[in-house]
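S.K.: Got a structure for you, questions after.
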Amino acid sequence: MRLRTVLVHATAILTLLAGCGFGGGSGNSKDDDGPPAGGWPQPDNGRITDAMCQILRPGDWRRAGHPLLADIPLEPLKGGTDMGGNQIWCNSAPANSLKFNLQPTAEAGKIYYGMLLSDRKGRVKVEGDDSMLEENLVEGTDESWFDFGVGVKRHQDLKDYQLTFRQGALVVTLELGAVDDTKEKDPRGSLVKLAKLVWERLPDVGRTDLGTTSKVHLAVTGKGKADISYLKPEGGSEDLKGTSLPWAVDLPMANLGKAPQMFSLSVTGEKPADNPWGTAVACQIVVNGVNVAQNQNIGFAICSGSYTGS
């Protein structure tokens, strides 16, 4: 109760300051309706920039039905440049955000998008988050999905909502925070409107590959046949029964920057009648020439480890 009281007072003060011309916002003036000086910010030599946080102006949020607190624009997340990769997180009080992630290829972009969707579905299944998941709702984009925010329950007074869309190698996530459903009747519609504006203002971003897709090399050696199981880079797992050895596969993966990506590969060898312990098997995981994990054993072997990019 004390925290809610503090938040209410803070909101009132910021609103008052905004009306007096303070607080970093521009109120309801028209100077936040059009593009910043120089036009809508675009990537610089293929790199996402802090300036892209201004791709949506405070007036855009108002017209979409979700005005920013005191009209304070989104700003780059402090420390966001330490995430590595080609991405930026933009935030505005109390919990609104805009995230850009530009992968080197459309193939990698599709994988990264798939990871976000897989993670969302996993949270609903494992953590018990409430869900209203809807896919393919932003016309013109390659794919999109909308749902409650992380940890949200339907009975909450204030809810978070999120929408992610992909255009080629570009993946964008928009989040509305602390939404009062009694006042904002259509958070889905608000997010779709904002997503369309971002898409329209970045018409060419993500449509041309700027690099190559990284790959993870999985390998199993031994004799005869074996059962193999591994984690897929885009999420989920794959199980192969009775696979002839040796076996290997190269799987495309997304660039997660400095966030570690986990890999796991296990193999169960044959157990001939004259050898109840099973045959010798070995596994190996290599990412971009880096040996992530390697192991060998009799009957069963597992390789697991993480890879961190830059």
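Residues 511 to 820 (the working numbering) make up the sequence shown, in order. Glycine is no exception: its CB is placed at the ideal position from the N, C-alpha and C atoms. The model shown is predicted, which means the values in this text are computed figures rather than measured ones.
(1) I'd like to know whether the C-beta atoms of residue 659 and residue 671 end up nearer to each other than 7 Å.
(2) Once you ignore the five residues that flank residue 686 on each side, which residues in its own chain have a CB closer than 7 Å to its CB?
(3) Between residue 722 and residue 770, how many whole angstroms is the CB-CB distance? I'm expecting something under 8 Å.
(4) Starting from residue 694, trace the alpha helix (DSSP H) in both directions and tell me its first and last residue.
(5) Which residue marks the beginning of the beta strand (DSSP E) containing residue 598, and which one marks its end?
(6) Smallest Cα separation from residue 677: which of 623, 593, 813, 726?
(7) Could you give the residue range of the alpha helix (DSSP H) that holds residue 625?
(8) Locate the beta strand (DSSP E) running through residue 670, then write down its first and last residues.
(9) Relative to the alpha-carbon of residue 788, which residue among 811, 742, 766, 804 has its alpha-carbon at the smallest distance?
(10) In angstroms with no decimal places, state the Cα-to-Cα distance between residue 793 and residue 631.
(11) From the DSSP output, in three-state form, read off residue 653 for me.
(12) Could you tell me the distance, in whole angstroms, from the CA atom of residue 820 to the CA atom of residue 748?
(13) Under three-state DSSP, which class holds residue 728?
(14) How many angstroms separate the CA atom of residue 460 from the CA atom of residue 625?
(15) Which same chain residues end up closer than 7 Å to residue 708 when comparing Cβ atoms and leaving out the 5 residues on each side of it in sequence?
(16) Taking DSSP as the reference, what is the three-state secondary structure of residue 609?
(17) Check this for me: beta carbons of residue 664 and residue 640, under 7 Å apart or not?
(18) With DSSP as the reference, identify every bridge partner of residue 550, one or two as the case may be.
(19) Helix or strand or just coil, what does DSSP make of residue 800?
(20) In the DSSP assignment, what residue or residues form a beta bridge with residue 747?
(21) Tell me which residue opens and which closes the beta strand (DSSP E) that residue 779 is part of.
(22) Please report the distance separating the alpha-carbon of residue 778 from that of residue 808.
(23) If you draw a straight line from the C-alpha of residue 643 to the C-alpha of residue 790, how long is it?
(24) Using DSSP bridges, identify the partner residues of residue 761.
(25) In whole angstroms, what is the alpha-carbon distance linking residue 760 and residue 728?
(26) Find out if the Cβ-Cβ distance for the pair residue 720, residue 738 is shorter than 7 Å.
(27) Does the beta-carbon distance from residue 755 to residue 783 come in below 7 Å?
(28) On the CB-based measure, 16 or more other CB atoms within 10 Å of its CB, does residue 674 come out buried or exposed?
(29) Taking C-alpha atoms, which residue in 651, 657, 604 lies nearest to residue 629?
(30) Assign residue 558 to one of three DSSP states: helix, strand, or coil.
(31) Using the three-state DSSP reduction, which class does residue 641 fall into: helix, strand or coil?
(32) Using CA coordinates, which residue listed in 766, 803, 780, 772 is at the minimum distance from residue 594?
M.R.: Walking through what the data contain:
(1) yes
(2) 576, 606, 670, 671, 697, 700, 701
(3) Actually they are not in contact, since the Cβ atoms of residue 722 and residue 770 sit about 21 Å apart, beyond 8 Å.
(4) Where residue 694 is concerned, there is no enclosing alpha helix (DSSP H), given that its DSSP letter is neither H nor E.
(5) 597-602
(6) 623
(7) 616-636
(8) 668-677
(9) 811
(10) 30 Å
(11) strand
(12) 27 Å
(13) strand
(14) Residue 460 is absent from the model: the chain starts at 511 and stops at 820.
(15) 565, 566, 682
(16) strand
(17) yes
(18) Partner(s): none; residue 550 has no beta bridge.
(19) strand
(20) 741
(21) 771-779
(22) 9 Å
(23) 45 Å
(24) 726
(25) 6 Å
(26) no
(27) no
(28) buried
(29) 657
(30) coil
(31) coil
(32) 766
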